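Numbering (this note's numbering), first residue to last: 370 to 545.
We put the CB at the ideal spot given by N, CA and C, even for glycine.
Every value quoted in this text rests on a predicted model; they were computed, and no experiment measured them.
Contents: one structure, followed by commentary.
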Amino acid sequence: MKPHLEVLITEEQIAQRVKEMASEIRAEVGPEPLILLCVLKGAFPFLADLSRALDGDVRVDFVQTSSYAGGRSSSGAVRIVKDHEIDITGHHVVIVEDIVDTGLTLAYLRELLSTRQPKSLRVASFLSKPEAHQHENLADFIGFEIPKKFVVGYGLDDGELYRNLPYVAVLSESAP
Ligand code: 5GP
Numbered sequence: 370m371k372p373h374l375e376v377l378i379t380e381e382q383i384a385q386r387v388k389e390m391a392s393e394i395r396a397e398v399g400p401e402p403l404i405l406l407c408v409l410k411g412a413f414p415f416l417a418d419l420s421r422a423l424d425g426d427v428r429v430d431f432v433q434t435s436s437y438a439g440g441r442s443s444s445g446a447v448r449i450v451k452d453h454e455i456d457i458t459g460h461h462v463v464i465v466e467d468i469v470d471t472g473l474t475l476a477y478l479r480e481l482l483s484t485r486q487p488k489s490l491r492v493a494s495f496l497s498k499p500e501a502h503q504h505e506n507l508a509d510f511i512g513f514e515i516p517k518k519f520v521v522g523y524g525l526d527d528g529e530l531y532r533n534l535p536y537v538a539v540l541s542e543s544a545p
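Structure, rendered in structure tokens:
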């Protein structure tokens, strides 16, 4: 079986939508300084593009959770494997996530980070699979809603491959 990639969201669509999202975030948060917390590894291209589209003072930091352990379905358990270093207390924070699937990762991160008393806490997710959500109201800003299919590209991987694709594609196996 050979992997087959079917483009779902083009590079041009991504570039346009990420700029729109930056405007939506500033319109809601206002002009005050902002901390972007990127959820590794999948959100790194989104963070790079979103941070450069945002005006005003922006800091970036990184968190990493483990839940999928390299597979294609969630193990259901989330834990932090790398915490942020900047103190978020009293600051406007936006969690920058690649995709909301079941929502377990974000529900966990939202709860954990809100105990650290940020001035505000919001979530910007590049993709969302509404059909798979097990939690309500997870993301404040969503780039694209997609069907419940396994996608790769623009940071999203399959066994660490495809993160460098500039577009998003549905990954399937096709006969050789
Ligand atoms: P959740 O906790 O919402 O179920 O899963 C979130 C994480 O699962 C994402 O940050 C991402 O790493 C991974 N994930 C969920 N759906 C997909 C997908 O379609 N493709 C890839 N490559 N990863 C996914």
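Item to check | Pairwise C-alpha distance: Pro487 and Ala412 | outcome: In the sequence shown, counting from the first residue as 1, residue 412 sits at position 43. In the sequence shown, counting from the first residue as 1, residue 487 sits at position 118. Each residue's Cα considered, the two are about 21 Å apart.
Next on the checklist: On the DSSP bridge list, what partners appear for Glu514?
Outcome noted: Working through the sequence shown from its first residue, we reach residue 514 at position 145. Beta-bridge annotation (DSSP): Glu514 is paired with Ser497.
Item to check | Test: Lys410 CB closer than 9 Å to a CB of chain C | outcome: Structure shown: chain C not included; a single protein chain is present.
Checklist entry - By a C-beta neighbour count over all protein chains shown, 10 Å radius and 16 as the cutoff for buried, is Thr434 buried or exposed? => result Stepping through the sequence shown from its first residue, residue 434 is reached at position 65. Buried, because 16 or more other Cβ atoms sit within 10 Å of the Cβ of Thr434.
Next on the checklist: Please classify Phe519 as buried or exposed, where buried requires at least 16 other C-beta atoms within 10 Å of its C-beta.
Outcome noted: Stepping through the sequence shown from its first residue, residue 519 is reached at position 150. Around the beta-carbon of Phe519, fewer than 16 other beta-carbon atoms lie within 10 Å, marking it exposed.
Next on the checklist: Short of 7 Å in beta carbon distance, which residues of its chain neighbour Asn506, apart from the five on each side in sequence? Order them along the chain.
Outcome noted: Residue 506 sits at position 137 when you count from the first residue of the sequence shown. Closer than 7 Å at Cβ, skipping near neighbours: no residue.
Checklist entry - Where in the segment 452-495 do unbroken runs of the alpha helix (DSSP H), each at least 4 residues long, occur, reported from the N-terminal end onward? => result Runs of the alpha helix (DSSP H) lying entirely within the segment 452-495 and spanning at least 4 residues, in chain order: 473-483.
Checklist entry - Who are Tyr377's beta bridge partners in DSSP? => result Residue 377 sits at position 8 when you count from the first residue of the sequence shown. The sequence as given places Leu at residue 377; Tyr does not occur at that position. Under DSSP, Leu377 forms no beta bridge with any residue.
Checklist entry - Using DSSP with H/G/I as helix, E/B as strand and the rest coil, what is Phe431? => result Along the sequence shown, one-based indexing puts residue 431 at 62. Strand.
Item to check | Pick from Met390, His461, Lys410 and Ser420 that is closest to Leu403, judged by C-alpha positions | outcome: Counted from its first residue, the sequence shown places residue 403 at position 34. The shortest C-alpha separation from Leu403 is found at His461.
Item to check | Residue from His502, Lys498 and Leu419 with nearest C-alpha to Glu406 | outcome: For the purposes of this step, residue 406 is taken as residue 37 along the sequence shown, with counting starting at 1. Before going further, note that residue 406 is Leu rather than Glu in the sequence given. Comparing alpha-carbon positions, the option among His502, Lys498 and Leu419 lying closest to Leu406 turns out to be Leu419.
Checklist entry - Is His453 closer than 9 Å to Asp467 when the C-beta atoms are compared? => result For the purposes of this step, residue 467 is taken as the residue at position 98 of the sequence shown. For the purposes of this step, residue 453 is taken as the residue at position 84 of the sequence shown. No, these two residues do not count as a Cβ contact at 9 Å.
Checklist entry - Hey, Val539 and Tyr531: beta-carbon distance below 9 Å or not? => result Numbered from 1 along the sequence shown, position 170 holds the residue referred to as residue 539. Numbered from 1 along the sequence shown, position 162 holds the residue referred to as residue 531. No; because the gap between Cβ atoms is not below 9 Å, this pair is not in contact.
Item to check | Simplified DSSP state of Val408, which is helix, strand or coil | outcome: In the sequence shown, the residue the question calls residue 408 occupies position 39. When secondary structure is reduced to three states using DSSP, Val408 falls in the strand class.
Checklist entry - The alpha helix (DSSP H) with Leu416 in it runs from where to where? => result Numbered from 1 along the sequence shown, position 47 holds the residue referred to as residue 416. Note, Leu416: alpha helix (DSSP H), Phe413 to Ala422.
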